[in-house]
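Visitor: Note that the sequence shown covers residues 8 to 592 in my numbering.
Questions regarding the structure given below will be posed in turn.
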Amino acid sequence: MEVVISEDVKKKLEKHKDKINKFKKAVLKKFDKYVVGIAVFPLLKGEKNSKTVNLFVLIDDHDSKKMNKMELREKIINVVDEIAKETDPLFKSETMLISDLREAMYDAKWDILADIGKGHLVFDKGMLGALKAAEIHKNMAVKKFERYILSYIAVGSLFRGDANYNDIDVFVVVDDTDVKRMPRVELKDKLRAIIQGMGLQAGQMAGLKGVQFHVQTYILTDFWDSIKDANPVIFTMLRDGVPLFDRGVFMPWKLLLKMGRIKPSPEAIDMNMEIGERLVQRTRAKLLGIIGEDLFYAAMNPAQAALMLYGIPPPTPKETVKLLDEIFVKKEKLLEKKYVNVLEKVRQYYKDVEHGKIKAIKGKDIDDLLDTIDDYLKRIKKLFDQMDKKREQESILNTYDTCVAITRDALFLTGEKKITVTKIDQLFKTVLVDKGLIPEKYLRILKNVIKTKKEYDKGKMSKQEVVKANKEARLFIKTLVDYIQRQKSIELERAKIRFKYGKEFGEVLLLDNVAFITNNIKEKDKIDMADIKNGRLVNLRKSSLEEFEKYIAKVTVPARVFIKETIFEDLRSLFGKNIQILVNY
């Protein structure tokens, strides 16, 4: 498979091969430690002199200790420019730091990636090759799926300068919000297979050997669910990921996370709680300023963690004191007022130290303050236990109610009318499992959810057992939702009559007392609607795809409609006497 290089670059490589190698050797001799890659770029946009040879040099600045970023940038740029001019007046160099390249990606300046994708790599420690392969892979995905590709994110260590360039990790977010003809579980499987298959091909087209693409493909609805559920993988991707392509999905979420506006993961909440104890231990051995700051965060972080666990984004210190009082003292009545006063006292102490109002502190005062904070932290821990117990109760009730409701819907689809909660697991087994419609393991999950709810009501269920039941229940709910969607699609197909008139094909969807008529199945957005009364199509009127979809969304199972001769007569009057009804289409 031929390596991707623009024709402009090929011609210049043939003409200036020796001089380009001379430039490379001179740059590496001068800055060998810092140079990550050197490439020949195609003619840049707006560039008039087609004879110019554009040389790109990428510099690693992640571990620069002798000089700051600005000094490093200026020094290397000036020297590289001089080397380029001395080598050949037609040589024009562009030097960029890895950190600057990362910021360019954040600012959606992706032209540099396009140049890397079409350029020739003269020297490379691996990063340019990885970016070239990623650019080719991204373009293949965007070309295949067009506007449905929302974000293409590089994750891992690629932009840190210490990457393992043989492993390229990317996240691809695909818009599935207007997908109606395919269950989402099937859509995810197909997308994942296609996009991963492109990865190996992209590596070959970039001229790389042994490169593995680790592609995580997310549909937008699952991506959103992962954000709401505070999935640690998604939070890591938002925090550390660098967009190589984005339609305005990734960067807003990244900035919201940075602003603290997204609910953190349980791990992050636990970490905030643990900070308090660690800092209290350190406080005893520090001077006044350090003590003041550490005690402040020791008290403030657990309070903010409690508010985050309650569902509130991390507030300012002043707001934290106010919210702790309003929510846990006044509203939930879980905390005593004196602990809010302790937090306010520490906050004010920190401000006084910061502003120089307190310049010295006695050992006894420090001991008293430490004892107060110790007591405060023990109480906040107890508050967490109280909140956990309440949250557990709510979670198992919500899980139980959701599982029962979705099971009812699935049973109703089979025609089952008499569904009681006490026998719902027996019905699930008889109607769905025994007939091979749903795997048996989901019966075990349903029984476990019912058992967990009963045991929890008796106070016999541990936190670990509740977490396990909730985790299994999520799989149960997703599986039944997929089953219901598939069954609904099948039932809708059964309610259709397809016909032919002349060279055109149309179809009628009969739904109890209304019918939707598509005159030409090639133009599905042109829909008519009619009422079904006494076996006839009456009150024919124009409809729309939006009205059709809204109506379908409200229908749980299409009612069984008995087709009378009069409906065929109405179709003949609409589409002519030579209309043909298609059977088993």
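Just so you know, even glycine gets a beta-carbon here, dropped at the ideal spot from N, CA and C.
Since we're looking at a predicted model, the values are computed, not measured.
So for M307, helix, strand or coil by DSSP?
Guide: helix
Visitor: So does the region 469 to 489 actually touch the region 397 to 412, counting three or more Cβ pairs closer than 8 Å?
Guide: Contact holds: three or more Cβ-Cβ distances are below 8 Å.
Visitor: Given a threshold of 16 other Cβ atoms within 10 Å of its Cβ, counted over all protein chains shown, does L589 qualify as buried or as exposed?
Guide: exposed
Visitor: Where R291 and L302 are concerned, what is the direct C-alpha to C-alpha distance, given to the nearest angstrom?
Guide: Residue placement at R291 is poorly supported in this model, since its pLDDT is 44, which falls under 50; the coordinates are not used for a value here.
Visitor: Is I574 closer than 8 Å to F555 when the C-beta atoms are compared?
Guide: no
Visitor: Any chance the region 370 to 386 sits against the region 304 to 316, with 3 or more Cβ pairs inside 8 Å?
Guide: yes
Visitor: So, do the region 83 to 96 and the region 151 to 160 have three or more beta carbon pairs nearer to each other than 8 Å?
Guide: no
Visitor: Leaving out five residues before and five after N455 in sequence, what residues of the same chain have Cβ atoms less than 8 Å from its Cβ?
Guide: A476, E479
Visitor: Indicate the three-state DSSP secondary structure (helix, strand or coil) for R505 in the structure shown.
Guide: strand
Visitor: How far does the beta strand (DSSP E) with E351 in it reach, from first residue to last?
Guide: Element bounds for E351: not the beta strand (DSSP E) but the alpha helix (DSSP H), 344 to 361.
Visitor: In its own chain, which residues sit with a C-beta less than 8 Å from the C-beta of V16, not counting the 5 before and 5 after it?
Guide: V47, F48, P49, K125, G126, H127
Visitor: Short of 7 Å in beta carbon distance, which residues of its chain neighbour D68, apart from the five on each side in sequence? Order them along the chain.
Guide: K76, L79, L104, I105, S106
Visitor: E21 by DSSP, collapsed to three states: which one?
Guide: Note: E21 maps to helix in three-state DSSP.
Visitor: Does DSSP put F166 in a helix, in a strand, or in coil?
Guide: coil
Visitor: Alpha helix (DSSP H) containing H144: first to last residue?
Guide: 134 to 152
Visitor: Using the rule of at least 16 other Cβ atoms within 10 Å of the residue's Cβ for burial, across every protein chain shown, is L262 buried or exposed?
Guide: exposed
Visitor: Quick check: the Cα distance between I539 and F252, rounded to an integer number of angstroms?
Guide: 50 Å
Visitor: Touching or not, the region 320 to 334 and the region 350 to 362, by the rule of three or more beta carbon pairs under 8 Å?
Guide: Enough Cβ pairs lie closer than 8 Å, so yes.
Visitor: At which residues does the beta strand (DSSP E) containing I365 begin and terminate?
Guide: It is not in any beta strand (DSSP E) - I365 carries neither H nor E in the DSSP assignment.
Visitor: Starting from the C-beta of I528, find all residues in its chain whose C-beta is less than 8 Å away, skip the five residues before and the five after it, and write them out in chain order.
Guide: R505, F512, G513, E514
Visitor: For the region 239 to 255 against the region 107 to 126, do three or more pairs of beta-carbon atoms, one drawn from each stretch, fall closer than 8 Å, so that the two count as touching?
Guide: yes
Visitor: Going along the chain, which residues of its own chain have a beta-carbon closer than 6 Å to the beta-carbon of S496, five neighbours each way excluded?
Guide: none
Visitor: Taking the alpha carbon of D25 as the point to measure from, which residue in K571, V240, F98, V87 has its own alpha carbon closest?
Guide: F98
Visitor: What residue does the alpha helix (DSSP H) around F178 start on, and which one ends it?
Guide: For F178, no alpha helix (DSSP H) encloses it; the enclosing beta strand (DSSP E) starts and ends at 174 to 181.
Visitor: Along the chain, where does the alpha helix (DSSP H) that runs through M266 open and close?
Guide: Unbroken run through M266: none, as it is neither H nor E.
Visitor: Of the choices K369, A313, N585, whose alpha-carbon is the least far from that of K510?
Guide: N585
Visitor: Assuming P190 and D489 form a contact by the criterion Cβ under 8 Å, report the distance between their Cβ atoms to the nearest whole angstrom.
Guide: Between D489 and P190 the Cβ distance is about 5 Å, and since that is below 8 Å, they are a contact.
Visitor: Are T486 and Y449 touching if we call contact CB-CB under 8 Å?
Guide: yes
Visitor: The alpha helix (DSSP H) spanning S580 covers which residue range?
Guide: Counted as a single uninterrupted DSSP element, the alpha helix (DSSP H) harbouring S580 occupies residues 572 to 582.
Visitor: Work out the CA separation of K195 and Q203 for me, nearest whole Å.
Guide: 12 Å
Visitor: What does the Cβ neighbour count give for T525, buried or exposed, with the cut at 16 atoms within 10 Å?
Guide: buried
Visitor: Ends of the beta strand (DSSP E) at L434?
Guide: Where L434 is concerned, there is no enclosing beta strand (DSSP E), although the alpha helix (DSSP H) it sits in stretches over 431 to 434.
Visitor: So, under 8 Å CB-CB, L331 and L350 are touching, yes? Tell me the CB distance rounded to an integer number of Å.
Guide: 6 Å
Visitor: Taking V474 and Y463 to be in contact with their CB atoms under 8 Å, please state how far apart those CB atoms are, rounded to whole angstroms.
Guide: Distance from V474 to Y463 at the Cβ level is roughly 12 Å; contact not present, criterion being Cβ atoms closer than 8 Å.
Visitor: So, at 6 Å on beta carbons, what are the nonlocal neighbours of T102 in its own chain, with the 5 sequence-adjacent residues on each side left out?
Guide: The residues are V64, I83, I84, V87.
Visitor: In chain order, what residues of the same chain lie with their CB nearer than 7 Å to the CB of K29, ignoring the 5 residues before and after it?
Guide: So the qualifying residues of the chain are T94.
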